[in-house]
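Protein chains: 4
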Amino acid sequence: MIKVGIIGATGYAGAEIVRLIMGHPDAEVVWYGSRSYIDEKYSSIYGNFFKMVDAKCLDDNMDALAKEVDVIFTATPQGLCASLVNEEILSKVKIIDLSADFRLKDVSIYEKWYKIEHKAPEYIDEAVYGLCEINRDKIKNARLVANPGCYTTCSILTAYPLVKEELIDTTTLIVDALSGVSGAGRGAKVNNLYCEVNESCKPYGVTNHRHTPEIEEQLGYAAGKEILINFTPHLVPMNRGILATEYATLLPKKDGSLPTSEDIKAAYEKYYGNEEFIRILGDGVYPETRWVEGSNYVDIGFKIDERTGRIIMMGAIDNLVKGAAGQAVQNMNILFGLKEDTGLKIVPLFP
Amino acid sequence: MIKVGIIGATGYAGAEIVRLIMGHPDAEVVWYGSRSYIDEKYSSIYGNFFKMVDAKCLDDNMDALAKEVDVIFTATPQGLCASLVNEEILSKVKIIDLSADFRLKDVSIYEKWYKIEHKAPEYIDEAVYGLCEINRDKIKNARLVANPGCYTTCSILTAYPLVKEELIDTTTLIVDALSGVSGAGRGAKVNNLYCEVNESCKPYGVTNHRHTPEIEEQLGYAAGKEILINFTPHLVPMNRGILATEYATLLPKKDGSLPTSEDIKAAYEKYYGNEEFIRILGDGVYPETRWVEGSNYVDIGFKIDERTGRIIMMGAIDNLVKGAAGQAVQNMNILFGLKEDTGLKIVPLFP
Amino acid sequence: MIKVGIIGATGYAGAEIVRLIMGHPDAEVVWYGSRSYIDEKYSSIYGNFFKMVDAKCLDDNMDALAKEVDVIFTATPQGLCASLVNEEILSKVKIIDLSADFRLKDVSIYEKWYKIEHKAPEYIDEAVYGLCEINRDKIKNARLVANPGCYTTCSILTAYPLVKEELIDTTTLIVDALSGVSGAGRGAKVNNLYCEVNESCKPYGVTNHRHTPEIEEQLGYAAGKEILINFTPHLVPMNRGILATEYATLLPKKDGSLPTSEDIKAAYEKYYGNEEFIRILGDGVYPETRWVEGSNYVDIGFKIDERTGRIIMMGAIDNLVKGAAGQAVQNMNILFGLKEDTGLKIVPLFP
Amino acid sequence: MIKVGIIGATGYAGAEIVRLIMGHPDAEVVWYGSRSYIDEKYSSIYGNFFKMVDAKCLDDNMDALAKEVDVIFTATPQGLCASLVNEEILSKVKIIDLSADFRLKDVSIYEKWYKIEHKAPEYIDEAVYGLCEINRDKIKNARLVANPGCYTTCSILTAYPLVKEELIDTTTLIVDALSGVSGAGRGAKVNNLYCEVNESCKPYGVTNHRHTPEIEEQLGYAAGKEILINFTPHLVPMNRGILATEYATLLPKKDGSLPTSEDIKAAYEKYYGNEEFIRILGDGVYPETRWVEGSNYVDIGFKIDERTGRIIMMGAIDNLVKGAAGQAVQNMNILFGLKEDTGLKIVPLFP
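Protein chains in written order, with the working numbering: chain A, 1 to 351; chain B, 352 to 702; chain C, 703 to 1053; chain D, 1054 to 1404.
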């Protein structure tokens, strides 16, 4: 039985880790860390766990925690994990960090986009970017996994095979994305009140959302060169879900003709044909967030526009599962040599 | 492995049975019956099952079905199950009927409230009312289980211990209930369009909703006498969930004093203390539908008003789970001698 | 042109007063009071007013304000209006208080239910309860109007004619009500975040909600005796709207027979037949909050249950209009001798 | 008093025309045409009009109608207006067609995208495209106004000044748009049921939505050349609102430098500085649909991304007002020589 500790257990991502671990046959949560609710019963904060979780919240002491658990999930604001991690801790436990602290390899980009100093740059190189479908071999032996962002996971996986196979012109790539409100966290802010969000939608972080460099870095590896994109997130009135709609100009094939629908489908099949959590919907079938709610699935569809020479690619995930806690558990499974879908074979909840 | 057939697999309750059976270790769906979608892939109708269910829809032929499965769930409009059931079928398979056909023991009440002729009154006596927590001993040996209505399950379980213990005056009982929209089914009706339901709430079926006699009959058994209640359902803009708020005047105890909060809590503990799926929240803690979503739980709270001598009892369930498919699977578990929570240990999904 | 000052202009009720006054031909807002946003542009806080309101927020100085305006609306938390009002102010301006400070005639009940000391008990007697349809004659000459609560307005108006005409047994009266989330105000609280409220409903304030004594007092005047009721509010996921479902046992008429649907309808017609803002839907037609959204209407329907001898009465309003700002403007119209519907002839917005 | 007849008065756009005309000082609806509800009271279909509209629905007889009214609004499916219009009718009344029948100048494009034969191609040339801010001079003397589509209005107005001023490369223009559900109309379809739409978002009509050629044609006039764009609509769970997010590469100015934020703002001011219904939010302030709900406003914001050389432009409207009925009334005002904002000075409803 893998002993799990969570730092930040009372945020939405933290609570989702609890939900997933409760359905996991080989792991159990033994430490519900939450600075704000120390000594309060966890189920008094999240009533869904009433009668299921009897534990109280503990503090965020990573040193103490490292002695009691096999793996620590940090579901905390940026900066916290970097400020706590050290060699002794890493020698004892695996860390899966759901914050952005170890996602970007270039510390100056981190400090520019997040506007805070990085407290543990010495571990950036070692950290493995935990996008399971792309990096699973590296993840296996990692001590520190940087769990990807929610927008990032969806945006990268949707475009990755076409970038890798040089089917699209990466200088034209635009990612326009929609997110449910749980992505904004559980902090008490006027902007996230029911009446402010309901019956409305809005763009935010235009040209400067922090997931932009993360998408650019990872797709840059796939392309073998630097990539700059436009990424525009929007808030829409629903609890969960991310939908990314991506635009790019198709690159001609060697014979000068444009890639066909079959070429595109073949590329997706090549990279994802055996992936349990990626569902290729194909040409003209588009993802909808309702079909992935509560699950670890990534649904991907596309359409070529012959008039403009562009392809429109669309991906959908549940931001709290594949976009956060689900991928974190998938990373845990890889780290501990379990079948990757252990505890994650969840049917999406509809309606 | 229990082989499951579903008649009406493409309604919301039918699809929820599919979801639950997929997470059930000892059962599998082998017949997706749907008159409207014969030969269409099930996952083209419910995209959440894409890559999980490969089967196509079949017709509603109960005779054919009876030869292939161990249990049939009928998730169909009133009248269908009664028109299909016969001795040969009942000799081969168990039937769990999610419609109202066999819930009421008095056929004239059925025909008055449902305004259709009952096609198989000869099986009414044999049928067992499948409210698991109350009737599990009778369910064990049943051939035909009448799965309770969604409002009914919530309304009865919330009041049952207090009726049984003669703590409330049943002539004063009023049930005011709220339901999410999935309770209205998947039929294409203007009244259930998004824009008609969203940003509004409304009462309906005032004094004549069909779940009224079902509540009255079952609570009447508990009281040992006939009961007439007022039951007022309301539609509220959410997908899932039922919340019942019930009012009754407290009956004085033998010493003339009114029951206390401790008396009430003791009554709930007496009947539900060992029930896995009932969570007694207690005095002053009130159920919220968000805490049961996707699960088989019934959450119950209460408050005594000393000024008026009334008690207000409140219960919450997920209408598609404990109010339909979850209770149906719980009944299946009882019928087949499995642990009652098999496949039903589901953490409520929040947010 | 009536000069209007608002204290608390940046709450939802305050903003709704601004909206209504902008459509009012004989009034204009000249003071946008908001302690929290002094010197900020009003339209930067409520983007709907961009290009329509150019003013900045001012402080809550009631003395200064009294010199500049003809009427002051206080849309503030309990206690503020009572702490500011004095003879000099009342000699200069009319005050319409949207808080509870002057609604209850018995100061001990105020202090018990609101748990604060009343700072100006000397004005309680003078203050007129601003339920326009009932009290318009008294309102005409008032200096200080206590604008009713949202639940209260809906609950009282729905039952009033039947209480007045002695058609129902007031000892049996139960009010079960649903409210949209704007009733909770614009404060940043976790409980009112989108993801906490969406897809859920819950009771709250069971037996102790502060609108209870207000309903009891006013219906008590109608009955000519003290009344105790049960009032249970519920939060439902929508922006606006209150729906009250009320239960009472019918009183036999002099001839011993129970009141009929015609008797009930006649009672509503007697009191509301000429009321512009009350729409009597009648027997078997039930109010829905969508039909009153954005308007000052009160929709009322009912149904008699001959089986139980009870009547179920239902009323719907927009909590921010007839439940707050709309009624406040209606009171202003009465105070200044204008036609009562001036600026309030608003078609409900649907969908 | 302008006499107004509506064909298709019971659809969402038709009902919104009724709402707006009721607030219009110089017009009144005298014919509520609705093939589906002949002889039913209009207020029994739209309860918001109870006590406000006493009329019954009439049939769709345009010849009869032409004798009784001054202007006809056709809020009907494509093809109907074209099949009814003729010289005699046009000689008697003004027609404002909310369908697509006369929006596209090239009949072959109409027939290709709408897949129906055009029944009155002889009036295409005469018809004036009713985008008020661009075409008001031509509208003044029109007999037949083609009221623009909802997505179209928002998409064109957001990009128009930048196209006109040659600030963007029109070959790179991409429009990604979100719409509330009322845009799908009031037809009873499973896809538009509450539970299917709620808690989800989805793209649709990718590369082939019918508003595409309309946007291309109108922006083509502004550019003085043919334009091909990608337009991707998405359905999001809210009643009203359209948000368009548009991407284009900036064109260098004559001196070789890229346009600045000031250049962009100047272009918007040049074309819209005096427009009552267009609100230029400016650089870094983004539109949100909540701020325009119920009103005729178009809110526009933008952001330049110097890293990629692109501009992101964003516009928001209420799809039923500026996207349909509001613009139709604005066109009526122009046709009849009224002030353009008559009856349309509506404060957006929030929350």
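Even glycine gets a Cβ: it sits at the ideal position worked out from N, Cα and C.
(request) Could you pull out every residue in the same chain whose Cβ sits closer than 7 angstroms to the Cβ of Asn-1372(D), ignoring the five residues on either side in sequence? (result) Residue 1372(D) sits at position 319 when you count from the first residue of the fourth sequence. If we look at Asn-1372(D) and ignore the five residues flanking it on each side, its Cβ neighbours are Cys-1203, Ser-1232, Gly-1233, Ser-1235, Gly-1236, Arg-1293, Gly-1294 and Ile-1295.
(request) Mark Thr-522(B) as exposed unless 16 or more other C-beta atoms lie within 10 angstroms of its C-beta, in which case mark it buried. (result) Taking the second sequence and counting its residues from 1, one reaches residue 522(B) at position 171. Answer is exposed; the Cβ neighbour count stays below 16.
(message) Can you tell me whether Asp-176(A) is buried or exposed? The criterion is at least 16 other CB atoms within 10 Å of its CB, across all chains shown.
(response) On the first sequence, position 176 is the one that residue 176(A) refers to. By the neighbour-count rule (16 or more Cβ atoms within 10 Å), Asp-176(A) is buried.
(request) Return the residues of the region 517-534 of chain B that lie within a Cβ-Cβ distance of less than 7 angstroms from chain F, sorted by chain order. (result) Considering every chain present, this structure includes no chain F. Its protein chains are A, B, C and D.
(message) Based on DSSP bridge pairs, tell me the residues matched to Val-422(B).
(response) Within the second sequence, numbered from 1, the residue matching residue 422(B) stands at position 71. Answer by DSSP bridge pairing, in chain order: Val-355(B) and Lys-445(B).
(request) Assign Arg-1360(D) to buried or exposed, taking buried as 16 or more other Cβ atoms, counted over all protein chains shown, within 10 Å of its Cβ. (result) The count along the fourth sequence starts at 1 and reaches residue 1360(D) at position 307. Answer is exposed; the Cβ neighbour count stays below 16.
(message) Using beta carbons (cut-off 8 angstroms, strictly below), is Asn-837(C) in contact with chain A?
(response) Position 135 of the third sequence, counted from the first residue, corresponds to residue 837(C). With 8 angstroms as the cut-off, Asn-837(C) does not count as an interface residue toward chain A.
(message) Check whether the region 573-590 of chain B and the region 544-552 of chain B are in contact - that is, three or more C-beta pairs closer than 8 angstroms.
(response) yes
(request) Flag Arg-1003(D) as yes if its beta-carbon sits less than 8 angstroms from any beta-carbon of chain A, otherwise no. (result) Since the first and last residues shown for chain D are 1054 and 1404, residue 1003(D) lies out of range.
(request) Report the option in Glu-293(A), Arg-19(A) and Ile-116(A) whose CA atom is closest to the CA atom of Pro-699(B). (result) Mapped onto the second sequence, residue 699(B) falls at position 348. Of Glu-293(A), Arg-19(A) and Ile-116(A), the residue nearest in Cα terms is Arg-19(A).
(message) Which residues of the region 552-573 of chain B have a Cβ closer than 8 angstroms to any Cβ of chain C? Give them in chain order.
(response) Cys-552, Lys-553, Pro-554, Tyr-555, Val-557 and Thr-558
(request) Identify the contact partners of Lys-758(C) in chain D, using a Cβ-Cβ distance below 8 angstroms as the criterion. (result) If you number the third sequence from 1, residue 758(C) lands on position 56. Ordered by position in chain D, no residue passes the 8 angstroms Cβ test against Lys-758(C), which lies about 18 angstroms from the chain.
(message) So, for Ala-75(A): in the same chain, excluding its five sequence neighbours on each side, which residues have a beta-carbon less than 6 angstroms away from its beta-carbon?
(response) One-based indexing of the first sequence puts residue 75(A) at position 75. Closer than 6 angstroms at Cβ, skipping near neighbours: Gly-8, Gly-11, Ala-13, Gly-14 and Leu-98.
(message) Do Trp-382(B) and Gly-398(B) count as a contact pair if the criterion is CB distance below 8 angstroms?
(response) Here residue 398(B) corresponds to residue number 47 of the second sequence, with the count starting at 1. Here residue 382(B) corresponds to residue number 31 of the second sequence, with the count starting at 1. No, Cβ-Cβ distance for Gly-398(B) and Trp-382(B) is not below 8 angstroms.
(message) Just to confirm, is the Cβ distance from Tyr-286(A) to Val-1259(D) under 8 angstroms?
(response) Residue mapping note: residue 286(A) aligns to position 286 of the first sequence, counting from 1. Residue mapping note: residue 1259(D) aligns to position 206 of the fourth sequence, counting from 1. Taking 8 angstroms as the Cβ cut-off, Tyr-286(A) and Val-1259(D) qualify as a contacting pair.
(message) I want to verify the contact list: residues of chain C whose CB lies under 8 angstroms from the CB of Pro-588(B), in sequence order.
(response) Walking along the second sequence from the start, residue 588(B) turns up at place 237. Simply Val-938, Pro-939 and Met-940.
(request) Consult DSSP for His-1262(D) and reduce its assignment to one of helix, strand or coil. (result) Taking the fourth sequence and counting its residues from 1, one reaches residue 1262(D) at position 209. Reduced to three states, the DSSP call for His-1262(D) is coil.
(message) Under 8 angstroms, with one C-beta from each stretch per pair, do the region 292-311 of chain A and the region 135-142 of chain A reach the 3-pair mark?
(response) no
(message) Can you tell me whether Ala-1378(D) is helix, strand or coil according to DSSP?
(response) As a working mapping, residue 1378(D) is identified with position 325 in the fourth sequence. Three-state DSSP puts Ala-1378(D) in a helix.
(request) Ignore the nearest five residues each way along the sequence and tell me which others in Glu-226(A)'s own chain have a CB closer than 7 angstroms to its CB. (result) Counted from its first residue, the first sequence places residue 226(A) at position 226. Excluding residues within five positions, the ones whose Cβ falls inside 7 angstroms are Gly-220.
(request) Show which residues of chain D have a CB atom less than 7 angstroms away from the CB atom of Leu-700(B). (result) Counting from 1 along the second sequence, the entry for residue 700(B) is found at position 349. Within chain D, no residue comes near Leu-700(B); the closest Cβ sits about 11 angstroms away, beyond 7 angstroms.
(request) Please confirm whether Asp-1222(D) and Ala-1301(D) have their CB atoms less than 8 angstroms apart. (result) To locate residue 1222(D), count along the fourth sequence from 1; it is residue 169. To locate residue 1301(D), count along the fourth sequence from 1; it is residue 248. In contact: Asp-1222(D) and Ala-1301(D) (Cβ atoms closer than 8 angstroms).
(request) Indicate whether Val-479(B) and Ala-451(B) have their beta-carbon atoms separated by less than 8 angstroms. (result) As a first step, residue 479(B) must be located in the second sequence, where it is residue number 128. As a first step, residue 451(B) must be located in the second sequence, where it is residue number 100. Going by C-beta atoms, Val-479(B) is not nearer than 8 angstroms to Ala-451(B).
(message) Taking CB distances under 8 angstroms as the criterion, tell me whether Cys-1203(D) reaches chain B.
(response) Along the fourth sequence, one-based indexing puts residue 1203(D) at 150. No - not a single Cβ of chain B is within 8 angstroms of the one on Cys-1203(D).
(request) From the DSSP output, in three-state form, read off Ala-27(A) for me. (result) As a position in the first sequence, residue 27(A) is number 27, starting the count at 1. If DSSP states are grouped into helix, strand and coil, Ala-27(A) belongs with the strands.
(request) Using alpha carbons as the reference points, say which of Gln-1032(C), Tyr-973(C) and Ser-963(C) lies closest to Gly-984(C). (result) Against the third sequence, residue 984(C) aligns to sequence position 282. Cα-wise, what sits closest to Gly-984(C) is Ser-963(C).
(request) Tell me whether the beta-carbon of Met-1367(D) lies closer than 8 angstroms to the beta-carbon of Thr-1211(D). (result) Along the fourth sequence, read from residue 1 onward, the residue named residue 1367(D) stands at position 314. Along the fourth sequence, read from residue 1 onward, the residue named residue 1211(D) stands at position 158. Closer than 8 angstroms, so yes.
(request) Can you pull the chain A residues whose beta carbon is under 8 angstroms from the beta carbon of Phe-401(B), in chain order? (result) Residue mapping note: residue 401(B) aligns to position 50 of the second sequence, counting from 1. Result: Arg-279, Leu-281, Trp-291 and Asp-299.
(request) Can you have a look at Ile-740(C) and say buried or exposed, based on whether 16 or more other CB atoms are within 10 angstroms of its CB? (result) Your numbering for residue 740(C) matches position 38 in the third sequence. Looking at its Cβ environment, which holds fewer than 16 other Cβ atoms inside 10 Å, Ile-740(C) is exposed.
(message) Using beta carbons (cut-off 8 angstroms, strictly below), is Gly-1347(D) in contact with chain C?
(response) Here residue 1347(D) corresponds to residue number 294 of the fourth sequence, with the count starting at 1. Yes, Gly-1347(D) lies at the interface with chain C (some Cβ there is under 8 angstroms from its Cβ).
(request) Quick one: give me the first and last residue of the alpha helix (DSSP H) that Met-665(B) is part of. (result) Locating residue 665(B) in the second sequence gives position 314, counting from the first residue. Met-665(B) -> not in any alpha helix (DSSP H); beta strand (DSSP E) instead, spanning 661-668.
(request) Return the residues of the region 1386-1400 of chain D that lie within a Cβ-Cβ distance of less than 8 angstroms from chain A, sorted by chain order. (result) none
(request) Compare the C-beta of Tyr-440(A) against all C-beta atoms of chain D and say whether one is closer than 8 angstroms. (result) Only positions 1 to 351 of chain A appear in the structure, and residue 440(A) is not among them; the question remains open.
(request) Determine, using beta carbons only, whether Lys-418(B) and Lys-407(B) come nearer to each other than 8 angstroms. (result) One-based indexing of the second sequence puts residue 418(B) at position 67. One-based indexing of the second sequence puts residue 407(B) at position 56. No; because the gap between Cβ atoms is not below 8 angstroms, this pair is not in contact.
(request) For Glu-977(C), decide whether its Cβ has a neighbour in chain D, counting only Cβ atoms nearer than 8 angstroms. (result) Against the third sequence, residue 977(C) aligns to sequence position 275. No, because no Cβ of chain D sits closer than 8 angstroms to the Cβ of Glu-977(C).
(request) Kindly list the residues whose CB is nearer than 8 angstroms to the CB of Glu-117(A), restricted to its own chain and excluding five residues on each side of it in sequence; keep chain order. (result) Stepping through the first sequence from its first residue, residue 117(A) is reached at position 117. Same-chain partners within the cutoff: Glu-111.
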